[in-house]
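Below is one structure, written out as structure tokens; comments come after it.
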Amino acid sequence: MNIFRLAGDMTHLLSILVLLLKINATRSCRGVSLKTQELYALVFVCRYLDLFTNFISMYNTIMKIIFLASTFTIIYWMRFHKVIRVTYDREQDTFRYQFLVLPCLVLALLLNSEFTVMEVLWTFSIYLEAVAILPQLVLLQRTNNIDNLTGNYVFLLGSYRALYILNWIYRFLTEPNYRQYLVWISGIVQTIIYIDFFYYYIKSWKNNEKLSLPA
Amino acid sequence: VQALIAKDEL
Numbered sequence: 031m032n033i034f035r036l037a038g039d040m041t042h043l044l045s046i047l048v049l050l051l052k053i054n055a056t057r058s059c060r061g062v063s064l065k066t067q068e069l070y071a072l073v074f075v076c077r078y079l080d081l082f083t084n085f086i087s088m089y090n091t092i093m094k095i096i097f098l099a100s101t102f103t104i105i106y107w108m109r110f111h112k113v114i115r116v117t118y119d120r121e122q123d124t125f126r127y128q129f130l131v132l133p134c135l136v137l138a139l140l141l142n143s144e145f146t147v148m149e150v151l152w153t154f155s156i157y158l159e160a161v162a163i164l165p166q167l168v169l170l171q172r173t174n175n176i177d178n179l180t181g182n183y184v185f186l187l188g189s190y191r192a193l194y195i196l197n198w199i200y201r202f203l204t205e206p207n208y209r210q211y212l213v214w215i216s217g218i219v220q221t222i223i224y225i226d227f228f229y230y231y232i233k234s235w236k237n238n239e240k241l242s243l244p245a
Numbered sequence: 556v557q558a559l560i561a562k563d564e565l
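Heads up: the protein sequence lines correspond to chains A and B, in order.
Residue 31 is where the first sequence starts when you use our numbering, and the numbers rise one by one after that.
Residue 556 is where the second sequence starts when you use our numbering, and the numbers rise one by one after that.
In structure tokens, the structure reads:
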């Protein structure tokens with residue numbers, strides 16, 4: 031494992047931690063998209079089916095379990111916690127799942143490296159992860175007063191993706207025969223989706239202003 | 556081969 035990959039995973043972990051802490055400390059999930067969290071849950075479930083079939087390393091197994099458990103915790107809080115669920119912006123979080131899930135599923139059925147259930151679901155998770163942030167970005171755009179922590183959460187998620195690109199470049203240069211085109215293209219698409227957000231995040235940070243995204 | 560390599564990432 032190289033430094034970019036480790037830094038990427040740690041940033042991913044930190045992003046989830048920030049979200050858990052924000053919701054738990056403020057007892058509010060204002061500005062957080064339940065749709066994005068549920069899409070991530072679907073991504074993790076489909077991708078980590080190999081927890082049962084394929085042991086890679088202790089690190090790998092523990093991280094997978096943390097990602098699954100933390101995402102399901104957030105969903106549980108947003109749906110069922112008696113204080114937190116009241117703060118969910120249900121009317122604003124209107125992005126439709128099917129617009130993301132169906133195209134990704136079709137693409138995974140058509141474009142995969144092996145036509146088996148495990149492989150198609152794994153590929154589906156790669157495609158879906160690339161676009162799963164969209165409901166969150168739309169919700170942020172509709173939220174007038176973006177919570178610092180919610181902004182940081184999205185920024186950390188975007189940074190994790192950027193670090194993964196560096197990881198791929200590093201691996202491509204150091205490992206013979208290392209190539210994975212589907213993952214690379216999806217990962218690049220995913221990172222591009224964050225560029226607009228990054229622009230406004232850095233601008234607001236520089237000017238010491240509260241983050242707001244233009245409609 | 557491609558799929559196997561990718562699966563050590565998260």
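Virtual Cβ for every residue (Gly too), placed ideally from N, Cα, C.
From a predicted model like this one, the values you see are computed outputs, not experimental measurements.
Under a criterion of Cβ atoms nearer than 8 Å, the residues of chain B adjacent to Asn90 (chain A) are, in order, Asp563 and Leu565. In this structure, the straight-line span from the alpha carbon of Thr56 (chain A) to that of Val116 (chain A) is close to 13 Å. If you compare the alpha carbons of A:Arg120, A:Ser189 and A:Gln220 with that of Ala162 (chain A), the shortest gap goes to A:Gln220. Taking C-beta atoms as the reference points, Thr41 (chain A) and Ser189 (chain A) count as a pair closer than 8 Å. Here DSSP, grouped into helix, strand and coil, assigns Thr153 (chain A) to helix.
When DSSP states are grouped into helix, strand and coil, Leu50 (chain A) belongs to the helix group. If the five residues before and after Thr173 (chain A) are omitted, its C-beta is found closer than 6 Å to the C-beta atoms of Gly61, all from its own chain and listed in chain order.
Each residue's CA atom was taken as its position, placing Val213 (chain A) and Leu141 (chain A) some 11 Å apart.
Below the 8 Å Cβ cutoff, chain B contributes Lys562 as neighbours of Asn84 (chain A), in chain order. Here Asn90 (chain A) is actually not in contact with Arg201 (chain A); their C-beta atoms are around 16 Å apart, not less than 8 Å. The beta carbon of Phe102 (chain A) sits closer than 8 Å to the beta carbons of Ala71 from its chain, once the five residues preceding and following it are set aside; these are given in chain order. A residue is called buried when at least 16 other Cβ atoms come within 10 angstroms of its Cβ; Val48 (chain A) meets this threshold and is buried. Sixteen is the threshold: when 16 or more other Cβ atoms of the shown chains lie within 10 Å of the Cβ of Leu64 (chain A), as they do, the residue is buried. If you check each beta-carbon in the region 99-131 of chain A against every beta-carbon of chain B, none falls closer than 7 Å.
Between Leu158 (chain A) and Leu69 (chain A), the gap from beta carbon to beta carbon is short of 8 Å. In its chain, beyond the 5 residues on either side, Ile53, Arg57, Ser58, Cys59, Trp107 and Met108 have a beta carbon closer than 8 Å to the beta carbon of Ile114 (chain A).
As the crow flies, the alpha-carbon of Lys112 (chain A) is around 21 Å from that of Asp177 (chain A). Under the three-state reduction of DSSP, Lys112 (chain A) is assigned to coil, being neither helix nor strand. Close to Met40 (chain A), with beta-carbon spacing below 8 Å, lies no residue of chain B; the smallest spacing is near 11 Å. Look at the region 70-148 of chain A and you find these whole runs of alpha helix (DSSP H), each 4 residues long or longer: 88-110 and 127-140.
Within chain B, no residue has its beta carbon less than 9 Å from that of Lys52 (chain A); the closest one is some 22 Å off.
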